[in-house]
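Letter by letter, the sequence shown follows residues 108 to 220 in the working numbering.
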Amino acid sequence: MSLSARNAVDKPHGFATLQSFRRLPGPYDEAKFNRSDEKPSTALPGIVEKVIKPRDPRDPEKAQIVLEGADHLYREIRIDNTLNDANGQAVALKPGAPVEVTVAADPEDTVKK
108 MSLSARNAVD KPHGFATLQS FRRLPGPYDE AKFNRSDEKP STALPGIVEK VIKPRDPRDP
168 EKAQIVLEGA DHLYREIRID NTLNDANGQA VALKPGAPVE VTVAADPEDT VKK
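Structure follows, in structure tokens:
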């Protein structure tokens, strides 16, 4: 973390107080300050309510997720129960697993509130 003193010469005897320092972006911190490339998003916590086996074995199984904070009639969604782990291996959700569902949009597809 790199620091810089602001207004240190304005302080008595040239001493800087803690409030006079601010964090400057370093090589890895710059992305935190430049978020113009990120999409507006929101995340909702949820729980895998059940895993639904397909009638046709060629179809993927589904995970039914209950979203916390969603309207009552729209709180359940179903997705293909196929995810990839950090190693790229196919994995599946278990019933009762806590999940986070993220909704993101391109900035040009949003309006200011």
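All C-beta atoms in this analysis are idealised placements derived from N, C-alpha and C, irrespective of residue type, glycine included.
Cβ neighbour criterion (16 or more within 10 Å) applied to residue i
i	result
Asn194	exposed
Asn191	exposed
Option in the options with minimal Cα separation from residue i
i	options	result
Glu183	Gln196, Val158 and Asp192	Val158
Leu200	Glu168, Leu174, Val210 and Pro214	Glu168
Ala170	Ala204, Ala197, Asp216 and Asp187	Asp187
Ser204	Arg165, Thr217, Asp163 and Leu174	Rather than Ser, the amino acid found at residue 204 in this sequence is Ala. Of the listed residues, the one whose Cα sits closest to Ala204 is Leu174.
Beta carbon proximity, residue i to chain B, threshold 9 Å
i	result
Ala150	Absent here is chain B; the protein component of the structure consists of one chain.
Cβ shell of residue i (< 8 Å), same chain only, five flanking positions each side left out
i	result
Ala177	Leu151
Pro202	Val155, Glu156, Lys157 and Val158
Val206	Pro152, Gly153, Ile154, Val155, Ile172 and Leu200
Gln213	It should be pointed out that residue 213 corresponds to Asp in this sequence rather than to Gln. Cβ within range, chain order: Lys146.
Asp117	Model confidence at Asp117 stands at a pLDDT of 42, short of 50, so the residue's coordinates are unreliable and nothing is read from them.
Ala197	Thr189, Leu190 and Asn191
Cβ-based neighbour list, residue i, same chain, cut-off 7 Å, excluding 5 preceding and 5 following
i	result
Pro148	Residue identity check: residue 148 is Ser in the sequence provided, not Pro. Here the set comprises Thr209, Val210 and Ala211.
Pro161	Pro167 and Glu168
### Query
What runs of the beta strand (DSSP E), each 3 residues or longer, lie entirely inside the segment 133 to 212?
148 to 159, 169 to 174, 183 to 187 and 205 to 211
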